[in-house]
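Residue numbers (my numbering), protein chains in the order written: chain H, 126 to 339; chain Y, 126 to 339; chain G, -9 to 226; chain C, -9 to 226.
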């Protein structure tokens, strides 16, 4: 039976790949955990779409500032050296290529880096996109953290996304419970296997051709 | 011999037509004098392109702040309630139609409101436009203050501008030493004659058909 | 003398007509002009087009305005909320329209309206179904979509401090869309926690210069959406 | 730890190569990074394209850089100055190129570069000779011209206060083009009157967030163009 990485380990593994001094935007869910695993000696500055650089951890409940929230609508704090700005300036940072790394969750990623993480396209579903399409087109490096398969065992790394795209050809690296996978001109390539995981297992759970490490 | 209005009187006459509470941008030269003749009970807020609302009069020489200049590169002061901003915000105010009145000098104005005040078009002249083209396209009401004729007696109110345009069809009212003239769908129309000036004199010194008052 | 003060939220919003397009500041529960919105519920204008990043939370503020059937169409980036069923139910029943705009494009379209820019190009939505009806164009070998400005008749804004000229400051992330919407509406109506004298705001600290503001009303102890929701409140 | 500090103006601008496009902040005599410009004169990079609203005054700062034959092309709105003959003489001799851009379009093109907007539409220049080669288009029955973004390899910036993360504040109208140019250059180099610790600038008071700044050098007693000119100074 495989062991692989749990949510924290996936986040910690992703954090290893973010250089010191990076400006980072973290999506909701597992990506948020990256902030807990900043490697020794490095510092990341967190951007939140609703108008802040230098976002800090959540406050104690009795120390909340009701006017200090993040893009996930959770209460947060500000680190020394933070800055506030309006939404147009905030998305200028995103669209203008000033944010170094964005870590996102996803529903599907394709072998050419397409990402689908905003809509199932199901009839009757209420579409809601937020800042996802701005982020994937604007940020320099798009990292994805996701379980390798859905709860029902369907691959999330696929040949072509069946869900509506958030953006085409934008993802550079994927962190799953089983492996670190790069999107390369030749398609998916495993960079690193989680402890106890074989390449064959990763290959069998991936919905597209995938190259072994090395 | 005609008497007409002098520079101060032209500026004072223009000031009469600016409503209380207007946001006003004043061009270099005679237009600057408008600020000396704000009618009793009214207040104008002055905008300067280089990033300030609430520009005040020039300071005493020994009270200059070297970082507080206007668009004409002269030292100015700030009134209570002033605000500083960068150039993109400043020209958003202009281009976005937020400035109520701009008073400009000119070389020529045509009967359909074209203005030419940035270049003689002479070969070898160094072109320099500054913010003139932004102002004439963006500000709600473009007023012009000018001598009715050039120093050599050529009309400045003309059928068609011979100099390169700053903007087409933008001027609404003209204050000269001889008269106040509106640009109407039917062409120039005298609104008011300066003391001692006859309509016939204005007509003879205007390079296009001009309608009498009334 | 310039004085943009209004004595009550009711008088400040009294002339918003049926069918108006209204921008409402705020993001999530912060920076929302709840008192102005509730005054608009009391006033009763109908068939509104409302521009806000979301569709409100709980049964107060924007969610209550929608729930009161005053909104014909929402223009927003994220109409879902874990805290409100008001919009989803009306939407599924076909009783409210939705124009979905990505958050950064929404912000930039509003800024463009304020800045006199009728259209601009952005990479956002390229290659997605949200770009299907949009004009695209190549610049420097990359594809971009053209987006138009987004104007409004009125903007309802919340700020922290205002002076009588309409100079505004905001508190932390309650700034969000508020300064942009001030620029983009014909009539900008601001509720301020504190109304101060002219000159009491440092000119370097002004976020929204008064030129973008038409009416100011002091609401000195504004409610907060999250508190109202925690208390189980609804409006009216 | 993030620390963008450089120990000298010379080291901060050392790698600007021949042929680089360089934005230089300032308007008239205020907000000009004179010490950085003089360091660039000492460094000697040639064939530069320089973006500034003007072409400098007297024989110091930008005028001196131009006079030292380091600038191949100027992109600016107003290349005349009552206080300098340097640019006009070179221009009339055919030794320097000029791209004339209206001031508001210049500001917006720089902002567009920083904001990832490759082009936008503006009414400025419509119906004039400056629009002759430009694409035009109707929106809402009015004609607009399309303008492209304007990027640079380097920006030379002057600010009042900076912290080690690169958060900046400016003094009064010395702000002008500086915050926009910070956004639009690959490498933004800032001279600051005061370098303070992280956290010493109020987050509400930050004009340029550190994300737009790469290098900071403290120049604690900066010269002012008008003073240098009054003293009859020239550089080098």
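Here a beta-carbon is modelled for each residue, glycine too, at the ideal position from N, C-alpha and C. Since the model is a prediction, treat every value here as computed from it, not as a measurement.
Taking 8 Å as the CB-CB cut-off, is residue i touching chain C?
i                      : result
residue 153 of chain Y : no
residue 245 of chain Y : no
residue 75 of chain Y  : Absent from the model: residue 75 of chain Y. The displayed extent of chain Y is 126 to 339, so no value can be given.
residue 113 of chain G : yes
Less than 8 Å between the beta carbons of residue i and residue j, yes or no?
i                      : j                      : result
residue 189 of chain G : residue 156 of chain G : no
residue 45 of chain G  : residue 64 of chain G  : yes
residue 12 of chain G  : residue 181 of chain G : no
residue 201 of chain H : residue 233 of chain H : no
residue 291 of chain H : residue 219 of chain H : no
residue 135 of chain Y : residue 270 of chain Y : yes
residue 317 of chain Y : residue 338 of chain Y : yes
residue 167 of chain G : residue 100 of chain G : yes
residue 265 of chain H : residue 225 of chain H : yes
residue 197 of chain G : residue 169 of chain G : yes
residue 70 of chain G  : residue 267 of chain H : no
residue 187 of chain C : residue 142 of chain C : no
residue 182 of chain Y : residue 199 of chain Y : no
residue 212 of chain G : residue 148 of chain G : yes
Can you find the residues in the same chain that come closer than 6 Å, C-beta to C-beta, to residue i, ignoring five residues on each side of it along the sequence?
i                      : result
residue 210 of chain H : 176
residue 6 of chain C   : 35, 144
residue 159 of chain Y : 136, 139, 140, 151, 228
residue 87 of chain C  : 63
residue 206 of chain Y : 179
At what residues does the alpha helix (DSSP H) containing residue i begin and finish?
i                      : result
residue 51 of chain G  : 51 to 57
residue 209 of chain H : It is not in any alpha helix (DSSP H) - residue 209 of chain H instead sits in the beta strand (DSSP E) that spans 202 to 209.
residue 313 of chain Y : That residue, residue 313 of chain Y, is in no alpha helix (DSSP H); its beta strand (DSSP E) goes 312 to 318.
Is there at least one Cβ from chain G nearer than 8 Å to residue i's Cβ?
i                      : result
residue 188 of chain Y : no
residue 291 of chain H : yes
residue 203 of chain Y : yes
residue 17 of chain C  : no
residue 196 of chain Y : no
Can you check whether the C-beta of residue i is within less than 8 Å of a C-beta belonging to chain Y?
i                      : result
residue 117 of chain C : yes
residue 210 of chain C : no
residue 199 of chain G : yes
residue 129 of chain C : no
residue 143 of chain G : no
residue 180 of chain G : no
The beta strand (DSSP E) with residue i in it runs from where to where?
i                      : result
residue 136 of chain G : 132 to 138
residue 150 of chain Y : 148 to 151
residue 13 of chain C  : 11 to 14
residue 150 of chain G : 142 to 153
residue 309 of chain H : 304 to 309
residue 233 of chain H : 233 to 235
residue 62 of chain G  : 61 to 66
residue 205 of chain C : 205 to 208
residue 177 of chain Y : 177 to 181
Exposed or buried, which one is residue i when buried takes at least 16 other CB atoms within 10 Å?
i                      : result
residue 141 of chain H : exposed
residue 275 of chain H : exposed
residue 132 of chain H : exposed
residue 85 of chain G  : exposed
residue 279 of chain Y : exposed
residue 277 of chain Y : exposed
residue 82 of chain G  : exposed
residue 262 of chain H : buried
residue 60 of chain G  : buried
Can you list, in chain order, the residues of its chain whose CB lies under 7 Å from that of residue i, leaving out five sequence neighbours each side?
i                      : result
residue 191 of chain C : 151, 153, 157, 159
residue 254 of chain H : 243
residue 19 of chain G  : 47, 214, 215, 216
residue 114 of chain G : 92, 94, 95
Among the residues of its own chain, which have a CB less than 8 Å from the CB of residue i, if the five just before and after it don't count?
i                      : result
residue 163 of chain G : 17, 20, 21
residue 125 of chain G : 135, 136
Under 8 Å between C-beta atoms, does residue i make it to chain H?
i                      : result
residue 157 of chain G : no
residue 101 of chain G : yes
residue 214 of chain G : yes
For the region 163 to 186 of chain H, which residues have a beta carbon sitting closer than 8 Å to at least one beta carbon of chain A? This model lacks chain A altogether, as its protein chains are H, Y, G and C.
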